[in-house]
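Novice: What the sequence shown shows, in the numbering used here, is residues 9 to 298, in sequence order. Quick reminder that beta carbons are idealized off the backbone N, C-alpha and C, glycines included. To start, I am sharing the structure in question, which I have written as structure tokens.
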Amino acid sequence: MKKLFDFFFAKVDFLLSRFVFGNAAGTKQNIYGILELWNSRRKFTGGRVNKQSNVLAKNVDDLGFCKAKWHYDHSMISNLRNNLKNSIKKGDTFKSFDSQGNLANQRMKDAVGENKLVRKLVNEHLKSDLFAYFQSHFKVFYPICWRQYPISNTDIKRNVYSNLWHCDSGKTSIITAFILLADVTENNGPTNIISKQDTKKALSMGYINRDNYGKSKNFFKNEADIFKCTGKAGSIFYLNTRECLHKAGEISKGHHRDVMMLTFYPIPGKKIEWDQKEITQSKSLNWYRY
């Protein structure tokens, strides 16, 4: 009985999300996200914000994504990329393969173990951008570092490493940052994303999930509507992956893509002091609040 209830609840949750909110994040996650963002923006409680960050925040609000005008310095990105390379060399990664047995993705097992290095990524530029968007303090959560490889032609239309159009689960108040650890061109299979408005159009044309695009299949062929996260090493992109359909791009033979991802949640009200005991005993960045 519970399974049947969960099935119907999931169906209703998706349908309402599709027709009321125009995305595939889920009704509950939309409501939670809207309330959390409203609460964080009721009264500005963040830190210092520059004019450039205000422009960026508006773009993320309106479109659902934006590339930052600034970038990380070479030495920091080199350190992060070397850590990824060393993890791959030692075999200290989670691996996934395509249907032909080819290595498709390697993700660091201990990205959160690089706490000191990851914390340096939260510099004054990033804090300004997030203070401008959330209008409040925020916390860093779920750092991931990975390398993706080309997949076989037979797997291009099969979900191997999020290479089909989808919305992520989670509250719509969450913002994700993609940091390029090496130069990314079209050959490296950059992240593809469409705006909030175009996501609504795709859903209205019959998009259901990553396995069923409905009549929206041709919609995704219009390159003019797709924003691609290409750029030099150190470039940073802010994406609302809950409200915007997105996917990993197709990687050309002989190429790969190295990326780090950080996720951010707003903290409404006054800044919460860290619990030093929890930070000491846990490798999680749940406790990294700014």
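By the three-class DSSP mapping on this structure, what secondary structure does arginine 155 have?
Specialist: By 1-based counting over the sequence shown, the position of residue 155 is 147. Arginine 155 falls in the strand class under three-state DSSP.
Novice: Give the DSSP-derived three-state secondary structure of phenylalanine 102 in the structure shown.
Specialist: The sequence position of residue 102 within the sequence shown is 94, counting from 1. Reduced to three states, the DSSP call for phenylalanine 102 is strand.
Novice: Got a sec? Which residues, its chain only, sit under 7 Å from aspartate 233 by beta carbon, not counting five neighbours each side?
Specialist: By one-based count along the sequence shown, residue 233 stands at place 225. Hits under 7 Å: Ile202, Asp206.
Novice: Find the nearest neighbour of serine 160 within the set Phe272, Gly262, His254, Trp154, judged by alpha-carbon distance.
Specialist: Start at 1 with the first residue of the sequence shown, and residue 160 comes out as number 152. Considering only alpha carbons, the answer is Gly262.
Novice: In terms of alpha-carbon separation, which member of Gln60, Phe73, Arg127, Asn113 lies closest to cysteine 237?
Specialist: Locating residue 237 in the sequence shown gives position 229, where the first residue counts as 1. Nearest of Gln60, Phe73, Arg127, Asn113 to cysteine 237, Cα basis: Phe73.
Novice: Spell out the partners DSSP gives glycine 239 in its beta bridges.
Specialist: To locate residue 239, count along the sequence shown from 1; it is residue 231. According to DSSP, which records beta bridges pairwise, glycine 239 is partnered with Val192.
Novice: Look at glutamine 156 and arginine 49 and say whether their C-beta atoms are less than 8 Å apart.
Specialist: The count along the sequence shown starts at 1 and reaches residue 156 at position 148. The count along the sequence shown starts at 1 and reaches residue 49 at position 41. No. Outside cutoff.
Novice: I need the DSSP call for alanine 210, collapsed to helix, strand or coil.
Specialist: The sequence position of residue 210 within the sequence shown is 202, counting from 1. Looking at alanine 210 - three-state DSSP - the assignment turns out to be helix.
Novice: How many Å lie between phenylalanine 22 and threonine 184 at the Cα?
Specialist: Counted from its first residue, the sequence shown places residue 22 at position 14. Counted from its first residue, the sequence shown places residue 184 at position 176. The straight-line gap from Cα to Cα measures roughly 22 Å.
Novice: If you follow the alpha helix (DSSP H) that leucine 270 is in, where does it begin and where does it stop?
Specialist: Working through the sequence shown from its first residue, we reach residue 270 at position 262. That residue, leucine 270, is in no alpha helix (DSSP H); its beta strand (DSSP E) goes 265-275.
Novice: The beta strand (DSSP E) that contains glutamine 108, what's its start and end?
Specialist: Taking the sequence shown and counting its residues from 1, the one referred to as residue 108 is at position 100. Where glutamine 108 is concerned, there is no enclosing beta strand (DSSP E), given that its DSSP letter is neither H nor E.
Novice: Determine the burial state of asparagine 196: buried for a count of at least 16 other Cβ atoms within 10 Å of its Cβ, exposed for fewer.
Specialist: Here the question's residue 196 lines up with position 188 in the sequence shown. Its Cβ being crowded by 16 or more others within 10 Å, asparagine 196 is buried.
Novice: Give the secondary structure of leucine 172 by DSSP, where H, G and I count as helix, E and B as strand, and everything else as coil.
Specialist: Translated into positions along the sequence shown, residue 172 becomes position 164. The answer is coil: DSSP assigns leucine 172 none of H, G, I, E or B.
Novice: By how many angstroms is the C-alpha of glycine 222 removed from the C-alpha of lysine 291?
Specialist: Taking the first residue of the sequence shown as position 1, residue 291 is located at position 283. Taking the first residue of the sequence shown as position 1, residue 222 is located at position 214. Because lysine 291 sits at a pLDDT of 49, beneath the cut-off of 50, its placement in the model cannot be relied upon, and the point is left open.
Novice: Going by DSSP in three states, lysine 77 sits in which element: helix, strand or coil?
Specialist: In the sequence shown, the residue the question calls residue 77 occupies position 69. Here lysine 77 sits in strand by DSSP.
Novice: Quick one: using the 10 Å Cβ neighbour count with 16 as the cut-off for buried, is phenylalanine 27 buried or exposed?
Specialist: Residue numbering aside, residue 27 sits at position 19 when the sequence shown is read from its first letter. Answer is exposed; the Cβ neighbour count stays below 16.
Novice: Tell me which residues share the same chain as glutamine 284 and place their Cβ nearer than 6 Å to its Cβ, disregarding the 5 neighbours each side in the sequence.
Specialist: Taking the sequence shown and counting its residues from 1, the one referred to as residue 284 is at position 276. Its pLDDT being 42, under 50, glutamine 284 is placed unreliably in this model, and the coordinates cannot settle the point.
Novice: Drop a sphere of 10 angstroms on the beta-carbon of glutamate 194, count the other beta-carbons inside from all chains shown, and report buried for 16 or more, exposed for fewer.
Specialist: Position 186 of the sequence shown, counted from the start, is the residue given in the question as residue 194. It counts as exposed.
Novice: Check whether the Cβ atoms of methionine 268 and isoleucine 187 sit closer than 8 Å, and answer yes or no.
Specialist: If you number the sequence shown from 1, residue 268 lands on position 260. If you number the sequence shown from 1, residue 187 lands on position 179. In this structure, isoleucine 187 lies closer than 8 Å to methionine 268 by Cβ.
Novice: Given a cut-off of 8 Å on the beta-carbon distance, is the pair glycine 55 and lysine 117 in contact?
Specialist: The residue given as residue 55 occupies position 47 in the sequence shown. The residue given as residue 117 occupies position 109 in the sequence shown. Against a cut-off of 8 Å, the Cβ pair of lysine 117 and glycine 55 comes out as no contact.
Novice: Which partner residues of phenylalanine 246 appear in the DSSP bridge assignment?
Specialist: By 1-based counting over the sequence shown, the position of residue 246 is 238. The sequence as given places tyrosine at residue 246; phenylalanine does not occur at that position. Its beta-bridge partners are Cys74, Ala185.
Novice: Is the number of C-beta pairs between the stretch 159-175 and the stretch 78-86 that are closer than 8 Å three or more?
Specialist: No, the stretch 159-175 does not touch the stretch 78-86.
Novice: Specify the secondary structure class of isoleucine 216 as computed by DSSP and reduced to three states.
Specialist: In the sequence shown, residue 216 corresponds to position 208, counting from 1. It is coil, neither helix nor strand.
Novice: Could you compute how far the alpha carbon of glutamine 289 sits from the alpha carbon of leucine 111?
Specialist: In the sequence shown, counting from the first residue as 1, residue 289 sits at position 281. In the sequence shown, counting from the first residue as 1, residue 111 sits at position 103. Summary for glutamine 289: the model assigns pLDDT 42, below 50, so the residue's position carries little reliability, and this model does not support an answer.
Novice: Label glycine 242 either buried or exposed according to how many other C-beta atoms from any shown protein chain fall within 10 Å of its C-beta, with 16 as the threshold for buried.
Specialist: The residue you call residue 242 lines up with position 234 of the sequence shown. Buried.
Novice: If we ignore side chains and look at the alpha-carbon of each, how far apart do isoleucine 275 and isoleucine 96 end up?
Specialist: As a working mapping, residue 275 is identified with position 267 in the sequence shown. As a working mapping, residue 96 is identified with position 88 in the sequence shown. So the alpha carbons of these two residues sit roughly 35 Å apart.
Novice: Ignore the nearest five residues each way along the sequence and tell me which others in glutamate 281's own chain have a CB closer than 7 Å to its CB.
Specialist: As a working mapping, residue 281 is identified with position 273 in the sequence shown. Confidence is the limiting factor: at glutamate 281 the pLDDT is only 48, short of 50, which leaves the residue's position unreliable, though a coordinate-based value still follows. For glutamate 281, where only same-chain residues beyond five positions count, there are no Cβ hits under 7 Å.
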